[in-house]
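Residue numbers 1 to 414, in the UniProt record's numbering, belong to the letters of the sequence shown in order.
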Amino acid sequence: MVEVAEDRDGESIVYHPKTAWLRHYGAPSVLTAVAMAIAYAWPATGPLAVVLGASGWAAVGYLRRRETGWNEATDTVEDLEDALRDLLHDIDDSLNAEFRTVNSDLEQIRGLVGDAVQSLNQSFNGMDQATDEQERLARAVIEQTGGDSAVEQFGIAEFVHETESFLNNYVEMVVDMSRRSVKTVERIDDMVHQMDRIHKLLADLKGIASQTDLLALNASIEAARAGESGRGFAVVAEEVRKLSEKANQFNEQIAQEVKTISNLVDEARTEVGEMASNDMNVTLTTKEQISGMMKSLQDVDQQVEQQVKRISEVSGQIDHHVADAVRALQFEDIVTQLVDGSRAGVEGLDDYLDGVRNVLQAIAEEDVHGSQYAARLREARERLAQQRQERETARASQRKVEQHSMDHGDVELF
């Protein structure tokens with residue numbers, strides 16, 4: 001049994017009981033439910049939902065046209081359902097693929113921004129700590145090298161001051177040595193004068209000796225004559241006695257002069273001994289002080305070398321932190337690329353939905369029947385699929401940002 005109804009033009013339309021529900025609830029309900037599901041899942045696709053709902057009611061309008069038989073109507077409905085199902089499946093795939101891409105980009109952006117902020121925080125904290133340590137080391141180096149610090153440490157300025165003091169002592173010592181040397185020369189000159197006097201005395205002694213010899217000869221002669229006259233011998237003996245007394249006086253004078261010379265030599269020896277002793281003591285003391293200063297200077301040099309080495313290491317750490325900070329600052333460029341890619345995808349999706357809306361509107365405006373309507377839907381599906389493929393190919397040709405963190409990659413200033 002079939003159901004007969006009339007359309008707005010008064011023409012009769014035949015419905016089979018098994019497909020009669022499509023007249024009031026079938027196709028409109030299916031397409032309206034699909035449209036509501038899309039609008040609920042993706043609020044941004046509200047226009048698409050309206051288009052699908054409208055296309056569903058337009059399709060029903062075409063189905064309500066006059067058909068010649070139940071079999072033909074059933075085949076047309078099934079064909080239309082297949083075409084609509086395929087089109088909705090393609091739309092669903094396109095939406096899901098684009099939304100997955102957008103969600104993936106958003107997750108990647110969130111991870112990059114979070115990692116970049118954390119890296120920047122760590123880098124700035126590291127640079128702050130490194131600069132504090134570098135400043136402390138620099139202050140220590142300044143203090144150890146004799147800066148204006150009040151700490152009691154042996155520095156370069158102290159070393160220079162002590163060296164200057166030692167040099168002054170040496171100068172004073174040399175001056176004193178010169179003064180003592182002058183005195184020594186004066187003593188030696190006195191000794192020379194005394195020696196000249198001794199030479200004169202010795203000359204006198206030589207004359208006395210000569211006279212004594214002569215007198216002795218005369219005494220011998222007179223002794224030979226003693227038998228004849230003893231008075232001449234007595235005179236000779238007296239002269240010999242006088243010469244003896246004079247020789248004793250000369251001997252005493254020579255002894256006194258020799259004693260004087262001995263005293264002068266002793267004084268010169270004492271002066272020279274004191275100079276030598278003082279020079280040795282000062283030299284040994286100065287040598288010990290300079291050795292201590294050099295040892296202290298070596299210690300300071302080693303400490304400064306270690307601190308300078310540490311400053312160099314801290315500078316390397318600062319460079320590392322700066323490199324991390326510069327690399328972390330690249331998140332703006334990376335995020336911009338991801339956002340531009342997502343925006344391009346959304347724009348492509350908008351173009352895709354505009355194409356669907358335009359196709360459905362064009363089909364609705366054309367006077368096509370059920371089977372022709374399904375064919376037009378398939379043609380529209382193929383065109384939309386081709387446009388989608390071209391869009392995906394264009395996006396694939398663009399460089400895709402692969403980084404999910406800021407830990408790797410070369411530093412690039414931008």
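Each residue gets a CB set at the ideal place from its N, CA and C atoms; glycine is no exception.
Computed from a predicted structure; not experimentally measured.
DSSP places Glu347 in the helix class (H, G or I) of the three-state scheme. Looking at the backbone, the Cα of His161 and that of Met293 are separated by about 11 Å.
Judged by beta-carbon spacing, Leu201 lies within the 9 Å limit of Phe250, meaning their Cβ atoms are closer than that value. The DSSP-derived three-state label of Arg391 is helix. Put simply, the backbone Cα of Glu222 is about 18 Å away from that of Leu243. Arg225 sits in coil when the DSSP states are folded into three classes, being neither helix nor strand. In this structure, Ala268 lies near Met191, with their beta-carbon atoms less than 9 Å apart.
With contacts defined by Cβ atoms closer than 9 Å, Thr212 and Val240 form a contacting pair. Residue state for Glu245 is assigned as helix, using DSSP reduced to three classes. The Cβ atoms of Leu112 and Leu384 lie no closer than 9 Å to each other. In this structure, Val335 keeps its C-beta atom at 9 Å or more from the C-beta atom of Gln134. DSSP, reduced to helix, strand and coil, places Glu366 outside both helices and strands of the structure shown, so it counts as coil. Within the model, the alpha-carbon separation for Glu382 versus Gly114 is close to 42 Å. Counting of Cβ neighbours within 10 angstroms places Ala323 among the exposed residues, the total staying below 16. A check of alpha carbon separations from Ser119 across Asp351, Val102, Ala325, Gly355 identifies Ala325 as the nearest. In this structure His321 touches Ala130 by the C-beta definition: roughly 7 Å separates them, less than 8 Å.
Put simply, the backbone Cα of Gln307 is about 28 Å away from that of Glu288.
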